[in-house]
Amino acid sequence: MNELAGRRARSGGGASRRAERTAVSFESARFIQRNIPNFEILNEEALQIIEWNAETVLEEIGVNFI
């Protein structure tokens, strides 16, 4: 048997291990896929009423930005 056959292969040394530890890896999060169907809580007319009232409040009272 060859004396090299019994030995382990070289791992690359300290520089290789350091490079592996400091390597930047970017893992992106997966998108959530929802299995819940969309619900229409309010009909279109009710949404228009809410929007109209919100615009009226903003016109009459306004918003104070500090």
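My numbering runs 589 ahead of the 1-based position in the sequence shown. For glycine and all other residues, C-beta sits at the position ideal for the given N, C-alpha and C. These numbers come from a predicted model, not from an experiment.
Query, Result
"Rounded C-alpha distance that separates residue 585 from residue 632", "The displayed coordinates of the chain run from 590 to 655. Any statement about residue 585 would go beyond what the structure contains."
"Helix, strand or coil at residue 637 according to DSSP, with G and I counted as helix", "helix"
"Enclosing alpha helix (DSSP H) for residue 604 [first to last residue]", "602-611"
"Between the CA atoms of residue 637 and residue 630 - distance to the nearest angstrom", "13 Å"
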